[in-house]
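Numbering (the numbering used here), first residue to last: 146 to 714.
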């Protein structure tokens, strides 16, 4: 049990709560063209910044525990950093380190996977080599997965005696270029060809876009997972001779389709009778590795493989396989049962300290980011630290393409937050507006403008409630996205154009800094409060948010927490 935080004797107190507003995917753009945040009429956000101390925080790369500053931040590591007050090495870095050291391949989970897949006969009396299947995001975006990790495992599986590998590809188009699938397929097919010698047989077996199959999260759309199950496991879906043929065909048939939305496909080959059969259904006795290291879009397909009482859709005959995830996706529920790399061990989070101190807390978002303001904010921990002190509210997201409802549920979130501010029931409220990230990923510029302006209206409403209740608003973001909606030439900065002369949409996160604004309408002189940049500590990362919240609540942060953005007099 943690000790309670100590009161700050220099703090004079406020009437209302501290409200942490996380504008998901909203940063300060590097380029004027394609910065949908700057292009939007953000009257209320601009007003808050103009009359409040503010600065820019780093939200990518090493500042959030990723391997290098070339790595984009994301919502998971961002909320970890904000909620934990320190920087922990995150999924990509942990996996890379485990592969480089060889630790992954000496662990029991890997030994189980390859030992099982190295077997011979597998049911039905027919002799066949068992198969090791890899399912995951097929890119080097380094947000959910990295192809280098997949290649390293395939090489090692061959060394360890596995004879047959099948890869089930989930095309990206969000963390990498929106139509870059073939840039990954072709070199990977060459890699598989090089490996397929000496009795080793490796092929791409199935796939589709990440927002169409398999990678749902938070139970928002189980039909995605069902399509993925039928495609990868049962071999049910439109048939093609190769992944390249599938991509090229769908692009011709559905003009403008981007990789994340590509329909499912099954790769086939001719059997002895001349018919087309899937090259890699998942059968009894096989091994399966889900090679995404990030947890949110890994839990549902994992449940389909592991849960006996699964009832989200009809799986048909569930194959008896040896299943492993890249990491432990839920540390409290210990899901999956078998995993290759241990996640960071995060302790003494902001939420745990506040519970120990008796601070009454509300966490709220809609489904798409509910897990971020709860599970990830709490250091990858399911559940509450104190049932009496904490309230969690999930507003159900619409199950429609985000560009069709770009305002999402921001008004409903604001409704509840305004009520919570005036109720006097809470000392600390944290919320996430998902619009900037979820709509930003669509690449539809007009929709992003609508998303930003819809969210800004809610910021104005919440600010008015803060005025009335004497609350303090801490406005920030977990990473950039909507601030960088066009592809740019890295050397010249010029906008990249499509064949028709229009800008090429960028659907991935940005490397841009994010806001940190402290709106304190009943300021009492404790810290520097000059409007504009400079009043707050500059050059910090978003891990400073935890200490900033603690100070705004009137307490002293733990000594090993990253520095607060506030500058006390």
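All C-beta atoms in this analysis are idealised placements derived from N, C-alpha and C, irrespective of residue type, glycine included. Keep in mind it's a predicted model, so treat the numbers as computed, not measured.
Spanning the alpha carbons of residue 159 and residue 532 requires a straight line of approximately 25 angstroms. DSSP places residue 395 in the uninterrupted alpha helix (DSSP H) bounded by 388-398. Residue 146 carries a coil assignment under DSSP once its states are collapsed to helix, strand and coil.
Under the three-state reduction of DSSP, residue 201 is assigned to strand. The closest CA to that of residue 285, considering only 627, 437, 249 and 247, is found on 437. Runs of the alpha helix (DSSP H) spanning 4 or more residues and lying entirely within the segment 364-451 occur at 367-377, 388-398 and 444-451, in chain order. With the rule of 3 Cβ pairs closer than 8 angstroms, the segment 499-516 counts as touching the segment 560-577. Counting other Cβ atoms within 10 Å of its Cβ, residue 416 stays below 16 and is therefore classed as exposed.
When 684, 587, 710 and 658 are compared, the shortest CA-CA separation from residue 322 is found for 587.
For residue 164, the enclosing beta strand (DSSP E) begins and ends at 163-168. Taken atom to atom, the span from the alpha-carbon of residue 346 to that of residue 390 is near 21 angstroms. Within the segment 227-302, the runs of alpha helix (DSSP H) at least 4 residues long that lie entirely inside it are, in chain order, 236-246, 248-251 and 253-262. DSSP places residue 568 in the helix class (H, G or I) of the three-state scheme. In this structure, residue 434 sits away from residue 336, with a CB-CB distance that is not shorter than 8 angstroms.
A check of alpha carbon separations from residue 535 across 541, 507 and 178 identifies 507 as the nearest. Between the alpha carbons of residue 649 and residue 554 lies a gap of roughly 28 angstroms. Cβ neighbours of residue 682 within its own chain (closer than 8 angstroms, five residues either side excluded): 200, 689, 708, 709, 710, 711 and 712. Put simply, the backbone Cα of residue 539 is about 14 angstroms away from that of residue 527. For residue 486, no alpha helix (DSSP H) segment is defined; the enclosing uninterrupted segment is the beta strand (DSSP E) at 484-486. If you draw a 10 Å sphere on the C-beta of residue 353, you find 16 or more other C-beta atoms in it, and that means buried. For residue 338, the enclosing alpha helix (DSSP H) covers residues 326-340. Bridge pairing for residue 309: 346 [DSSP]. By the criterion of a C-beta distance shorter than 8 angstroms, residue 658 is surrounded in its chain by 172, 173, 201, 202, 203, 204 and 625, once the five residues flanking it on both sides are discounted. Distance between residue 243 and residue 250, taken at the CA atoms: about 8 angstroms.
DSSP, read as helix, strand or coil, puts residue 606 in helix. Three or more beta-carbon pairs separated by less than 8 angstroms link the segment 403-421 to the segment 354-362, which places the two stretches in contact. Contact check for residue 614 and residue 567: beta-carbon distance about 6 angstroms, within the 8 angstroms limit, so the pair qualifies. Contact annotation: the segment 379-395 does not touch the segment 363-370, with fewer than three C-beta pairs closer than 8 angstroms. Rounded to whole angstroms, the separation of the alpha carbons of residue 214 and residue 310 is 34 angstroms. Between the alpha carbons of residue 162 and residue 197 lies a distance of about 17 angstroms. Counting C-beta pairs closer than 8 angstroms gives three or more between the segment 586-602 and the segment 177-193, which meets the contact rule. In this structure, 170 is the residue among 605, 170, 165 and 150 with its C-alpha nearest to the C-alpha of residue 627.
Rounded to the nearest whole angstrom, the CA to CA distance from residue 384 to residue 395 is 12 angstroms. Within its own chain, the residues whose Cβ lies closer than 6 angstroms to the Cβ of residue 326, once the five positions on either side in sequence are excluded, are 316, 392 and 404, listed in chain order. A Cβ-Cβ contact shorter than 8 angstroms links residue 491 with residue 229. The beta carbon of residue 377 is closer than 6 angstroms to those of 280, 313 and 351 in its chain, skipping five residues each way along the sequence.
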